[in-house]
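Asker:
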Ligand SMILES: Nc1ncnc2c1ncn2[C@@H]1O[C@H](COP(=O)(O)OP(=O)(O)O)[C@@H](O)[C@H]1O
Ligand SMILES: [Mg+2]
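See the structure below:
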């Protein structure tokens, strides 16, 4: 460590010290990632047992067995139980293949549109990333095709979705930066498949800070060639939208041009707010900012807007706050809330989310309850989306120009 004897409570060399922290920190993240993903340093697909897999596919046990006879199915693993019995385990790839064969995979109705959802709040630490990643993964588990855009330079969504260390294992070109600043078509090249079949990401690292610096600067933002710097994401998403049912954007805790691009491009917003006075008052500030922004975007409509009570501790104070918020925001608050649980933080410490865990380390019952809570939140959102798609399909068929896009 530098200069402890010279400046015992500070440093004369902040730059070198931060660089030391940065290098050592990334190395530690890498070691941790390698430890939890050993032996091949890549996150493994989680698996489900036969009973759960048949349920997810929506078929009976005999049909489930028959489906597997028809052809070889990728993603079926053989695992040994503690008493030496060999059993089949199913990854999402196998389950989706079987869903396709059985014709039970969810298909958006013709005439419905991909929903782009910005998960946003001006405050950090309120559960935006957890919400965005879990929604993307749960949608994939349900057989939907989901894409997560990491729009926070801290890259947490990237880390817990892919296991890649943002600043070590991703380059500038792997992020959205070049797409938004110089080549909208490039969005097709930066989509990363994850270990979750049907859940792709566009990753982030510190490089995306350049978007907030360069997009407002007319000398470097290529405005003549690419048009308004506010519309870049909306334009580039048009090129890939039809590959997905939902696109979730994990916004950073700011209102720079990246977040503005996300809000302009989105069809809907989810705003996570922990039920506490500080988080509530910070959200009220955010509503003023959003109000001023929507004033400038007078034609903007939101097909979806929901507040999610996140990181709910269940304490009396939180319950009181919840009641007050429900009274105030009415139908704009999701009925289900996201509980703060040890299981979610355990999964985060292992560089993932609760949906990555096939075999819980602690109490099976506590894990089951934690998943149930998250499932309730995410299924409420996904069912809302399915309602929206149904009504979009109805209105296009009445108009008579049904398109699937
Ligand atoms: N339901 C939850 N239970 C326990 N910890 C949570 C839960 N949701 C989020 N966290 C933790 O709280 C912290 C902030 O959450 P995060 O999603 O990163 O917030 P944001 O993206 O708004 O900054 C993270 O350490 C995350 O693991
Ligand atoms: Mg975040």
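Numbering (this note's numbering), first residue to last: -1 to 403.
Built from N, CA and C at the ideal position, the CB exists for glycine as well.
Bear in mind that the values here come from a model prediction, so they are computed numbers and not experimental data.
(1) When DSSP labels each residue in this structure, what does residue 197 get in the three-state scheme?
(2) Is residue 136 near ligand 2, with its Cβ less than 6 Å from a heavy atom?
(3) Tell me whether the beta-carbon of residue 234 lies closer than 7 Å to the beta-carbon of residue 182.
(4) Below 8 Å on the Cβ atoms is my contact criterion, and I expect residue 178 with residue 230 to pass it. Report the Cβ-Cβ distance as a whole number of Å.
(5) So does residue 301 have its beta carbon nearer than 6 Å to some heavy atom of ligand 2?
(6) Ligand 1 and residue 344: does any heavy atom of the ligand fall closer than 6 Å to the residue's C-beta?
(7) Could you tell me the alpha carbon to alpha carbon distance between residue 157 and residue 40, rounded to whole angstroms?
(8) Taking 6 Å as the line, does the beta carbon of residue 111 fall inside it for any heavy atom of ligand 1?
(9) For the putative contact between residue 135 and residue 284, defined by C-beta atoms under 8 Å, what is the C-beta separation to the nearest angstrom?
(10) For residue 90, which of 36, 123 and 193 has the nearest alpha-carbon?
(11) Would you kindly check if the distance between the Cβ of residue 359 and the Cβ of residue 332 is under 7 Å?
(12) Which same chain residues end up closer than 7 Å to residue 254 when comparing Cβ atoms and leaving out the 5 residues on each side of it in sequence?
(13) Between which two residues does the alpha helix (DSSP H) holding residue 135 run?
(14) Can you round the beta-carbon distance between residue 34 and residue 391 to whole angstroms, since I take them to be within the 8 Å contact cut?
(15) Considering only C-alpha positions, which residue in the set 100, 137 and 202 is nearest to residue 115?
(16) On the three-state DSSP scale, how would you describe residue 5?
(17) Would you mind sorting residue 357 into buried or exposed? The rule is 16 or more other CB atoms within 10 Å of its CB.
(18) Check whether the Cβ atoms of residue 94 and residue 195 sit closer than 7 Å, and answer yes or no.
(19) Have a look at residue 383 and residue 106 and give me their C-alpha separation to the nearest angstrom.
(20) DSSP has residue 117 in a bridge; who is on the other side?
(21) State yes or no: is the C-beta of residue 143 within less than 7 Å of the C-beta of residue 242?
(22) Run the CB neighbour count on residue 154, radius 10 Å, all protein chains shown included, and call it buried at 16 or more, exposed below.
(23) Would DSSP call residue 304 helix, strand or coil?
(24) Distance check for residue 387 and residue 140, CA to CA, integer angstroms please.
(25) Pull up the CB-CB distance for residue 319 and residue 371, whole angstroms please, since I reckon it's below 8 Å.
(26) When burial is assigned at 16 or more other CB atoms within 10 Å of the CB, is residue 87 buried or exposed?
(27) For residue 309, is the beta carbon positioned less than 6 Å from some heavy atom of ligand 1?
(28) Hey, out of 81, 43 and 227, whose CA is closest to residue 72's CA?
(29) Excluding five sequence neighbours on each side, which residues of the same chain lie with their C-beta closer than 7 Å to the C-beta of residue 399?
(30) In or out: residue 266 buried (at least 16 other Cβ within 10 Å) or exposed?
(31) Report the rounded CA-to-CA distance for residue 163 versus residue 174, giving the unit in angstroms.
(32) Let's test the definition: count the other Cβ atoms within 10 Å of the Cβ of residue 289 and tell me whether it reaches 16, buried, or not, exposed.
(33) Buried or exposed, going by whether 16 or more other CB atoms sit within 10 Å of the CB of residue 282?
(34) Could you give the DSSP three-state label for residue 361: helix, strand or coil?
(35) Where does residue 393 land, buried or exposed, given buried means 16+ other C-beta within 10 angstroms?
(36) Would you say residue 146 and residue 185 are within 7 Å of each other, going by their C-beta atoms?
Answerer: Here's the rundown:
(1) As a position in the chain shown, residue 197 is number 199, starting the count at 1. DSSP places residue 197 in strand when its eight states are reduced to three.
(2) As a first step, residue 136 must be located in the chain shown, where it is residue number 138. Not so, every heavy atom of ligand 2 lies at least 6 Å from the Cβ.
(3) Here residue 234 refers to the residue found at position 236 when the chain shown is read from its first residue. Here residue 182 refers to the residue found at position 184 when the chain shown is read from its first residue. Cβ distance < 7 Å, so residue 234 and residue 182 count as in contact.
(4) Position 180 of the chain shown, counting from 1, holds the residue named residue 178. Position 232 of the chain shown, counting from 1, holds the residue named residue 230. Contact flag correct, Cβ pair sits at about 4 Å.
(5) The residue labelled residue 301 in the question sits at position 303 within the chain shown. No, Cβ of residue 301 sits at least 6 Å from all heavy atoms of ligand 2.
(6) Residue 344 sits at position 346 when you count from the first residue of the chain shown. Flag unset: Cβ of residue 344 not near ligand 1.
(7) In the chain shown, the residue the question calls residue 157 occupies position 159. In the chain shown, the residue the question calls residue 40 occupies position 42. Roughly 11 Å separates the two Cα atoms.
(8) The residue labelled residue 111 in the question sits at position 113 within the chain shown. Incorrect: residue 111 has no Cβ contact closer than 6 Å to ligand 1.
(9) If you number the chain shown from 1, residue 135 lands on position 137. If you number the chain shown from 1, residue 284 lands on position 286. 26 Å between Cβ atoms; not a contact.
(10) For the purposes of this step, residue 90 is taken as the residue at position 92 of the chain shown. Answer by Cα proximity: 193.
(11) Along the chain shown, read from residue 1 onward, the residue named residue 332 stands at position 334. Along the chain shown, read from residue 1 onward, the residue named residue 359 stands at position 361. The Cβ-Cβ distance between residue 332 and residue 359 does not fall below 7 Å.
(12) Numbered from 1 along the chain shown, position 256 holds the residue referred to as residue 254. Excluding positions up to five away in sequence, the list reads 210.
(13) Translated into the one-based positions of the chain shown, residue 135 becomes position 137. Residue 135 -> alpha helix (DSSP H) spans 126 to 139.
(14) Walking along the chain shown from the start, residue 34 turns up at place 36. Walking along the chain shown from the start, residue 391 turns up at place 393. Rounded, the Cβ-Cβ distance is 42 Å, inconsistent with contact.
(15) As a first step, residue 115 is located in the chain shown; it is residue number 117 there, counting from the start. Looking only at 100, 137 and 202, the smallest Cα-Cα distance to residue 115 is reached by 137.
(16) Residue mapping note: residue 5 aligns to position 7 of the chain shown, counting from 1. The answer is coil: DSSP assigns residue 5 none of H, G, I, E or B.
(17) Position 359 of the chain shown holds residue 357. By the neighbour-count rule (16 or more Cβ atoms within 10 Å), residue 357 is not buried but exposed.
(18) Along the chain shown, read from residue 1 onward, the residue named residue 94 stands at position 96. Along the chain shown, read from residue 1 onward, the residue named residue 195 stands at position 197. Against a cut-off of 7 Å, the Cβ pair of residue 195 and residue 94 comes out as a contact.
(19) As a position in the chain shown, residue 383 is number 385, starting the count at 1. As a position in the chain shown, residue 106 is number 108, starting the count at 1. Rounded to the nearest angstrom, the two C-alpha atoms are 10 Å apart.
(20) Here residue 117 refers to the residue found at position 119 of the chain shown. Answer is 248 and 268.
(21) Along the chain shown, one-based indexing puts residue 143 at 145. Along the chain shown, one-based indexing puts residue 242 at 244. Yes.
(22) Taking the first residue of the chain shown as position 1, residue 154 is located at position 156. Buried: at least 16 other Cβ atoms inside 10 Å.
(23) The residue given as residue 304 occupies position 306 in the chain shown. If DSSP states are grouped into helix, strand and coil, residue 304 belongs with the strands.
(24) Counting from 1 along the chain shown, the entry for residue 140 is found at position 142. Counting from 1 along the chain shown, the entry for residue 387 is found at position 389. Approximately 16 Å between the Cα atoms of the pair.
(25) To locate residue 319, count along the chain shown from 1; it is residue 321. To locate residue 371, count along the chain shown from 1; it is residue 373. That belief does not hold up - the Cβ atoms of residue 319 and residue 371 are roughly 18 Å apart, past 8 Å.
(26) The residue labelled residue 87 in the question sits at position 89 within the chain shown. Buried.
(27) Indexing the chain shown from 1 puts residue 309 at position 311. Yes, since a heavy atom of ligand 1 falls inside the 6 Å radius drawn around the Cβ of residue 309.
(28) To locate residue 72, count along the chain shown from 1; it is residue 74. It is 43.
(29) Residue numbering aside, residue 399 sits at position 401 when the chain shown is read from its first letter. Here residue 399 scores only 49 on pLDDT, less than 50, and its place in the model should not be relied on; the value that follows carries that caveat. Taken in chain order, the list of residues that qualify is empty.
(30) In the chain shown, the residue the question calls residue 266 occupies position 268. So residue 266 ends up on the buried side.
(31) The sequence position of residue 163 within the chain shown is 165, counting from 1. The sequence position of residue 174 within the chain shown is 176, counting from 1. Each residue's Cα considered, the two are about 16 Å apart.
(32) Translated into the one-based positions of the chain shown, residue 289 becomes position 291. Exposed, since its Cβ has fewer than 16 Cβ neighbours within 10 Å.
(33) Within the chain shown, numbered from 1, the residue matching residue 282 stands at position 284. So residue 282 counts as exposed.
(34) Taking the first residue of the chain shown as position 1, residue 361 is located at position 363. Three-state DSSP puts residue 361 in coil, outside helix and strand.
(35) Within the chain shown, numbered from 1, the residue matching residue 393 stands at position 395. The residue is exposed, with fewer than 16 neighbouring Cβ atoms inside 10 Å.
(36) Residue mapping note: residue 146 aligns to position 148 of the chain shown, counting from 1. Residue mapping note: residue 185 aligns to position 187 of the chain shown, counting from 1. Contact flag unset, no.
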